[in-house]
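Have a look at the structure below, then the notes.
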Amino acid sequence: MLSTLLNNIVAAFSKSFLIASFLPVLTFVFMNGLFAYLFFDPWRAWCNANLVHYSEGSQLIFLIGALVVLLIVMSYLVSSMSNFMRQLMEGHWSNLLTSLFAPAQGKRLLRIEEKRSQASELSLRLDDCAKQRVAVVSAERENSTDEEYSGDPSLEKTIDLLKRLRAQNRLLDADKLEGALLRFNELLETYRLNGHALVRRSLNVCNEELHDLIQFGREQATLEYLRFTNLRDSSFGTYLAPTRMGNIAASVQSSIERRYACDLNSVLSNLIVCVQQGERKDTTLQDAKVQLDFLIVSSFLTGCWTVVWMAVLFWFHSRAWFVIVALGGPVLTYCWYLAAAEQYRAFNDVLSTVFDIYRFDLLKALHMPIPVDVDEERLIWPQLDKLADTQGGERINFRYVVPVAK
23 MLSTLLNNIV
33 AAFSKSFLIA
43 SFLPVLTFVF
53 MNGLFAYLFF
63 DPWRAWCNAN
73 LVHYSEGSQL
83 IFLIGALVVL
93 LIVMSYLVSS
103 MSNFMRQLME
113 GHWSNLLTSL
123 FAPAQGKRLL
133 RIEEKRSQAS
143 ELSLRLDDCA
153 KQRVAVVSAE
163 RENSTDEEYS
173 GDPSLEKTID
183 LLKRLRAQNR
193 LLDADKLEGA
203 LLRFNELLET
213 YRLNGHALVR
223 RSLNVCNEEL
233 HDLIQFGREQ
243 ATLEYLRFTN
253 LRDSSFGTYL
263 APTRMGNIAA
273 SVQSSIERRY
283 ACDLNSVLSN
293 LIVCVQQGER
303 KDTTLQDAKV
313 QLDFLIVSSF
323 LTGCWTVVWM
333 AVLFWFHSRA
343 WFVIVALGGP
353 VLTYCWYLAA
363 AEQYRAFNDV
373 LSTVFDIYRF
383 DLLKALHMPI
393 PVDVDEERLI
403 WPQLDKLADT
413 QGGERINFRY
423 VVPVAK
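Note that the sequence shown ends on residue 428 in my numbering; no numbers are left out.
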């Protein structure tokens, strides 16, 4: 009976409603009902009398039907509030609250920028080290002799330290590397690079090790710079929001603005229609949005039920469980929030990709000309914003194509 009921619900409602609203509500109602069943005798007695040890099947069917109707109503209420929940988590607050939380996000941005700058500086210094090593090796030296090289503990110790940093996947120390090159240059003033050595670690071996370390350090610094650049671009937009999710939400708008000079907010609804009506019937964007809504609703419901249970447990003087809920509830709510923020980042990636693929279909649907290059495209998209211009703005590139009669 339950499987038939669920199949009928699936057939009657959309996938987004079921996953993003109905399932979270069903899960939270069941879990909180179970919690109340374990700790409150009146509720346990009622459940035992009406659900576990029921006397009439019609009574059970009525209760299940009433519960399903209640769940559907609650799910619709949650679904209608999903945009409000999302905007609340994005930081659409009063100026007072924004001023309290925005500095923390500013510090996050500053740390990312500092790491990015350090990686850029390290990359430049290692480029200089590479040029310096080549100059040291290729320089003509009048004072070098055929004296046998017997090793240099200082140089070898520095190289070993740098190799340990490489093995630990840590950024190389540019100061240590520059010091090693300086010592290597001093040794070449006395010994020939390919001269005979009394030790296995000759100057030629040290030269190869320095070359490998410099190459590794340059690649590592470049990748580190790109990593923090991508992290900054995917985590922050043009304007600073007071929450992590708000900054992630603003990043995709800034990205598309930089690439195409397009205001994504003004064409997003049209873009979604083009994707849904396209020949490819791509559901990737919808699936990513459903997953995002599911996590947002789960975080919001966790926070609400935490407040409710704290009030109930405080009223019934259950100190131990009050402390557990007061500590565990906010942590679980924040975990849901972090998961939602990361899913928002994934959703932005999908949205950016969808815009790249379908933007010409969008222009066709809006009866706008197809640009011949990126420069022309950056002139076309701002035309759409002129629709909201009350001072005489107009879409000068609008072209209405008369449908061909069939």
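Quick reminder that beta carbons are idealized off the backbone N, C-alpha and C, glycines included.
Check the DSSP bridge columns for residue i and list the partner residues they point to.
| i | result |
| --- | --- |
| Y282 | Per DSSP, none; premise fails for Y282. |
When burial is assigned at 16 or more other CB atoms within 10 Å of the CB, is residue i buried or exposed?
| i | result |
| --- | --- |
| I318 | buried |
| W331 | buried |
| T355 | buried |
| G350 | exposed |
| V74 | exposed |
| W337 | exposed |
| L60 | exposed |
Can you name, in chain order, every residue of its own chain whose Cβ lies under 6 angstroms from the Cβ of residue i, other than the five neighbours on each side?
| i | result |
| --- | --- |
| T244 | S145 |
| A362 | L317, I318, S321 |
| L401 | none |
| W403 | Y282, A283, C284 |
| T260 | S276 |
| D304 | V297 |
| D371 | none |
| R108 | I318 |
Taking only three categories from DSSP, how would you classify residue i?
| i | result |
| --- | --- |
| L401 | helix |
| P125 | helix |
| G113 | coil |
| V221 | coil |
| P393 | coil |
| E96 | Position check: residue 96 holds Met in this sequence, whereas Glu was assumed. Three-state result, M96: helix. |
| N191 | coil |
| M53 | helix |
| Y261 | coil |
| G325 | helix |
| G300 | coil |
| A363 | helix |
Ignore the nearest five residues each way along the sequence and tell me which others in residue i's own chain have a CB closer than 7 angstroms to its CB.
| i | result |
| --- | --- |
| S374 | V274, S277, I278 |
| F250 | I134, K137, R138, A141 |
| L323 | P46, F50 |
Using a Cβ-Cβ cutoff of less than 8 angstroms, which residues in the same chain neighbour residue i once the five nearest sequence positions on both sides are dropped?
| i | result |
| --- | --- |
| L45 | F316 |
| L187 | L193, L194, D195 |
| N229 | R155, V159, F206, L215 |
| V312 | K37, S38, I41, A42 |
| G201 | T180 |
Shorter than 9 angstroms from the beta carbon of residue i to some beta carbon of chain C?
| i | result |
| --- | --- |
| L85 | Absent from the structure: chain C. Only one protein chain is present. |
- How do the stretch 155 to 162 and the stretch 271 to 278 stand: do at least 3 beta-carbon pairs fall below 8 angstroms, yes or no? no
- Is the stretch 60 to 72 touching the stretch 232 to 242, taking contact as three or more C-beta pairs under 8 angstroms? no
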